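Step one of this worksheet: look at the structure below.
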Amino acid sequence: MNNSNRRALDITLAVEARAKYASMLSKDDRRRICSFSSGDELVALLARSDGWRQAVRALPAIGATEAQFSAALDQELYGDFERLYRTASDTSKEFLRFMTLENELKAITAALRRLISGAQPPQPEGFPTAPGRLHGQEIARLRNAKSFSELVSLCSKSIYGPALRAMELDSKTGLPAYADAALSLETEFHRALGTYLRRGYNGPARRTLIETVGFRADMLNVTYLLRLRRFNTPPEKAMELLLPLGELGQSTARKVLAAETDEEAVEALKASRAGKWLAGLGDTPAENLAEAAEEAYYRRVIHGPPTLCTVYAFLTLKENEAAMLKRAFVALGYGLSPEKYILL
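Below is the structure:
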């Protein structure tokens, strides 16, 4: 395929992603969710929305469980990914395959969390498997792993295999510490993605794509730093846990860790190279800061030139919206207001 045809396909792909973005929840929808008192009301709203109607069609109108709700939203996310993937040029597909690597990462961390907590494997219908396969592995098999050794075996050909095999295990449980394991796997994913973007990706707008992907890594680092500061993590240890990619330097990281209050930490972040999109968020609570910055940044990308960055922005925003809705559903299930989980 020549460059002209590849570019035409990428523009078509970006336009399709932009159209899907237009079907996401509006600010009015989010305000309505803030007033809800039950998960049934949330399901009813999504059943009328363009972006989530298909997702909740199979849910009961009354009494949907958290697992059912979460699985329905995941199916919609995976469906959006698959439809966009089919439209993409070969070069864009190479990049989008990293989204399947990210799905594999989520399945591995879900299994680790379950194994460490001692919970039973989820019911098969609770977790969709699409897009399904990477190196012959199914997402469901990873989620349902019955032991850490089985999980390591399933990932023997995965990019996550070496990190899993190198993890320090508790002598009594035979399991790693969850926080350290999750960060190690996240780092492995971002290292592989960064290497591909710098050395393997030969499509258009490479520098812009690196910036767009790097911004998300920066926001994950923002979240980690604010959390690590509260637990008084030694700076040397915290530096090891920061993800590669992005522009958040070690100098800023040390200032955040040394801050005496959340407010001081946030000000240090706003003054950094990565802080432009944090500075305009006003009094957004620290725990919502990174997600709010992502929303502002990726909305700008959506409305910019139609490139592969548009697709990445849409997939990120849709995933964030799904996470927000899941948190709101859980809050409603406990009789709590979902307002603190909804970005307006």
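Residue numbers (the numbering used here): 2 to 345.
Ideal placement from N, C-alpha and C gives every residue a C-beta, glycine not left out.
No experiment lies behind these values; they were computed from the predicted model shown.
- In the three-state scheme derived from DSSP, where H, G and I count as helix and E and B as strand, Glu139 is classed as strand.
- Looking at the backbone, the Cα of Ala65 and that of Val44 are separated by about 8 Å.
- Look at Cys35 here: in three-state DSSP terms it is helix.
- It is roughly 23 Å from the alpha-carbon of Arg33 to the alpha-carbon of Ala59.
- Of all C-beta pairs linking the segment 215–223 to the segment 243–259, three or more are shorter than 8 Å, placing the two stretches in contact.
- Shortest Cα-Cα distance from Leu176 to any of Ala164, Leu113, Glu237 and Met220 involves Leu113.
- Rounded to the nearest angstrom, the gap between the Cα atoms of Ser273 and Pro61 is 47 Å.
- Nearest in C-alpha terms to Ser185, of all of Thr174, Thr196, Lys173 and Ala167, is Ala167.
- Nearest C-alpha to Ala180 among Asn203, Glu288, Ser118 and Leu85: Ser118.
- In this model, Leu282 and Lys28 are separated by some 16 Å (Cα to Cα).
- If you ignore the 5 residues before and after Val302, its C-beta comes within less than 7 Å of the C-beta of Thr213, Cys310, Thr311 and Ala314, all in its own chain and listed in chain order.
- For Arg255, the uninterrupted alpha helix (DSSP H) segment begins and ends at Gln251 to Ala259.
- The beta carbon of Val57 is closer than 6 Å to those of Val44, Leu47, Ala48 and Ala73 in its chain, skipping five residues each way along the sequence.
- Between Asn203 and the set Tyr22, Asp91 and Leu227, the nearest pair of CA atoms involves Asp91.
- Listed in chain order, the non-local C-beta contacts of Ala280 below 6 Å within the same chain comprise Lys271, local neighbours out to five positions each way being set aside.
- Taken atom to atom, the span from the alpha-carbon of Gly52 to that of Ile211 is near 28 Å.
- The residues Pro245, in chain order, have a CB closer than 7 Å to that of Arg192 in the same chain once the five nearest residues on each side in sequence are set aside.
- Ser90 sits in coil when the DSSP states are folded into three classes, being neither helix nor strand.
- Ranking Gln76, Thr13 and Asn289 by CA distance to the CA of Leu85 puts Thr13 first.
- When secondary structure is reduced to three states using DSSP, Leu345 falls in the coil class, being assigned neither helix nor strand.
- For Ala294 against Trp278, the beta-carbon gap comes to about 4 Å, under 8 Å, which counts as contact.
- Comparing C-alpha distances from Gly334 to each of Leu229, Glu67, Glu17 and Cys156 shows the shortest one belongs to Glu67.
- Contact check for Asp41 against Ile63 passes: the beta carbons are separated by less than 8 Å.
- Annotation for Phe190: the continuous alpha helix (DSSP H) segment containing it runs Tyr179 to Thr196.
- In terms of CA proximity to Glu237, Leu258 leads the group Asn6, Leu258, Arg231 and Leu344.
- By alpha-carbon distance to Ala206, the top candidate from Ser93, Arg328, Gln69 and Leu243 is Ser93.
- Taking the Cβ atoms as the reference, Ala287 lies roughly 4 Å from Asp263, within the contact range of under 8 Å.
- CA-CA distance, Tyr299 to Ser172, rounds to 44 Å.
- CA-CA distance, Phe232 to Glu139, rounds to 36 Å.
- The shortest CA-to-CA distance from Ser252 to any of Ala269, Met100 and Leu242 is the one to Ala269.
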